[in-house]
Amino acid sequence: MMNKSGPTTVSVVVPVFNEEACLEELIERTIRVLDGLSDPSELVLVDDGSHDRSPDIIARAAEEHSGRVVGITFNRNYGQHRAVLAGLAEARGGIIVTLDADLQNPPEEIPKLVEKAREGYDVVGSVRLSRRDSGFRKLFSRMINQITARTTGIKMRDYGCMLRAYRRPVVDAILQCPERSTFIPVLANSFADRTAEVEVSHSERQSGESKYGLLKLVNLQFDLLSSMTTFPLRLLSLIGTVISVLGIGFGALILVLRLIQGAAWAAEGVFTLFAILFFFIGAQFIAMGLLGEYIGRIYLDVRGRPRYFVKERMGRSDINKPRPSKEVQI
Ligand code: UDP
Ligand code: MG
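Counting from 2, one number per residue, gives the positions in the sequence shown under the working numbering.
Okay, structure coming up:
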């Protein structure tokens, strides 16, 4: 499908947050892997406000491999996905691979992903074989993966694994999305035409601890869900409508029974009061659902994502020129 002439630069983007213990090894191993590729390559390291020696290590690597290793540092911690975004903005490659700094996914798997991307897949995800994380994390992930697959309609087995490859147009589109909370793998899939998954090995964190505690994890998963859908809001209006219909129906039933059975059955007006109450509760839920619908739309608009994503243009003489990335913005 995609038979690109000429070399495609491969960029590897790595977010780094307090990873002094494994960073040097990561840089060394990644460079060795990149050296083995036939195409030009670069390594983009983004320091997400580390308090340890990570920024120094990055600075040294950037100096040592000038032009090959690019370093970016933040003033404070912004979170993994923003760090990756900064790296994507900096990357020059036609194929961009993201990778975690903790060596849980070995850099040696990069060529496998690049190969797949070359075959014409816009997004290449990865599935962690024999994943080495706590049982709790695995269970949590499985649940989230299923929900995500269902709500986004794109079936990928493992959204959480950040060892992924993206082709340039998808990265350009991601960079056009100005929203603050985001989950890159899901966002990327929304701009992808063909996606693939490859299996990669997974090891335990070599040193340090996972940067994700329970709260941060829950937050991240909410980013993931809300980045793609207003499904939770929709759920509110759906439940609201059901409750209101039931409430109004029940209220009407009590009123009718009161008329048939008389005041004594209705506990001298108490039931009528209930009926009125149900009406109002129902009305309130309908109103909330309506608000939810509007908020959902406001949310979608505020994110200011590109309204569509042009995959290919045909029939112009300048057809082979790279599409100006602004075009996505229309
Ligand atoms: N990370 C980051 N900023 C953060 C948290 C994490 O840049 O606020 C980086 C971290 O250095 C690592 C990657 O994101 O390269 C994944 O983090 P971690 O390995 O702790 O997550 P887990 O593997 O437990 O999901
Ligand atoms: Mg990790």
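Glycine is no exception: its CB is placed at the ideal position from the N, C-alpha and C atoms. Computed from a predicted model, the values in this text were never measured in an experiment.
Neighbourhood of residue i by C-beta distance below 8 Å, restricted to the same chain and skipping five residues each side
i: V127; result: Checking the sequence, you will find Ser at residue 127 rather than Val. N106, E110, L114, D159, C162, L164, R165, E198, V199, E200, V201, listed in sequence order.
i: K117; result: V125, A166, A197, V199
i: L86; result: I175, L176, T183, I185
i: L243; result: A quick correction: the sequence has Val, not Leu, at residue 243. Here the set comprises nothing.
i: F18; result: D48, D49, G50, S51, S55, N78, Q81, A84, A102, K212
i: I96; result: T9, T10, V11, S12, V115, A118, R119, A166, Y167, R168, R169
i: F279; result: G248, I249, F251, G252, I255
i: I58; result: E21, L24, E25, I28
i: K312; result: P170, D194
i: L130; result: E200, V201, S202, H203
i: I148; result: L226
i: G37; result: P112
i: R1; result: Any answer about residue 1 is impossible in this case: the structure gives the chain only from 2 up to 331.
i: R317; result: none
Strand pairing of residue i, partner residues [DSSP]
i: I359; result: Because residue 359 is not part of the residues shown, which for the chain are 2 to 331, the question remains open.
i: F167; result: The question names Phe, but residue 167 in the sequence shown is Tyr. In DSSP, Y167 forms a bridge with I97, V124.
i: D48; result: V17, T74
i: S42; result: V11
i: L130; result: S202
Cβ shell of residue i (< 7 Å), same chain only, five flanking positions each side left out
i: I296; result: L234
i: N76; result: G50
i: D53; result: N19, E21
i: L215; result: none
i: A189; result: V124, Y167, V171, I175
i: Y300; result: T231
Distance cut-off 6 Å: residue i Cβ against heavy atoms of the ligand FAD
i: E64; result: As far as ligands go, the structure on display features the ligand UDP and the ligand MG and does not contain the ligand FAD.
6 Å CB neighbourhood of residue i in its chain, flanking five on each side removed
i: S42; result: V11, L35
i: G94; result: T10, V11, S12
i: P334; result: Because the chain spans 2 through 331 in this model, residue 334 falls outside it and cannot be assessed.
i: G293; result: L234, L237, S238
i: R206; result: D103, Q105
i: I331; result: In this prediction, I331 has a pLDDT of 33, which is less than 50 and means its spatial position is unreliable; what the coordinates show is noted afterwards. Excluding positions up to five away in sequence, the list is empty.
i: A150; result: K156
i: G88; result: V14, V45, V47
i: S245; result: G283, F286, I287
i: M289; result: G241
i: N146; result: Y160
i: S208; result: A22, C23
i: M3; result: A caution first: M3 carries a pLDDT of 47, below 50, which makes its placement in the model unreliable, though a value can still be read off. For M3, where only same-chain residues beyond five positions count, the Cβ hits under 6 Å are G121.
i: C178; result: R306
i: R298; result: none
i: E180; result: R304
i: T99; result: V14, V85, M163, R165
i: T74; result: D48, P56
i: A1; result: Outside the displayed span of the chain (2 to 331) sits residue 1, for which this structure offers no information.
i: R133; result: H203, S204, E205
i: P16; result: V47, D49, Q81, A84, V85
- Message: Pairs of beta-carbons, one from the stretch 218-233 and one from the stretch 178-192, closer than 8 Å: are there three or more?
- Response: yes
- Is the number of C-beta pairs between the stretch 140-156 and the stretch 260-274 that are closer than 8 Å three or more? no
- What are the complete alpha helix (DSSP H) segments, minimum 4 residues, inside the stretch 256-316? 271-304
- Contact between the stretch 230-247 and the stretch 258-266 (3+ Cβ pairs under 8 Å): no
- Message: Just to be sure I understand the criterion: a residue counts if its Cβ is closer than 7 Å to at least one heavy atom of the ligand MG. Which residues meet that?
- Response: D101, D103, Q105, R206, S211
- Length-filtered (3 minimum) beta strand (DSSP E) runs lying within the stretch 176-248: 196-202
- Query: On the three-pair Cβ rule with 8 Å, is the stretch 173-180 touching the stretch 61-77?
  - Reply: no
- Query: Do the stretch 23-35 and the stretch 51-67 make contact, defined as three or more Cβ pairs closer than 8 Å?
  - Reply: yes
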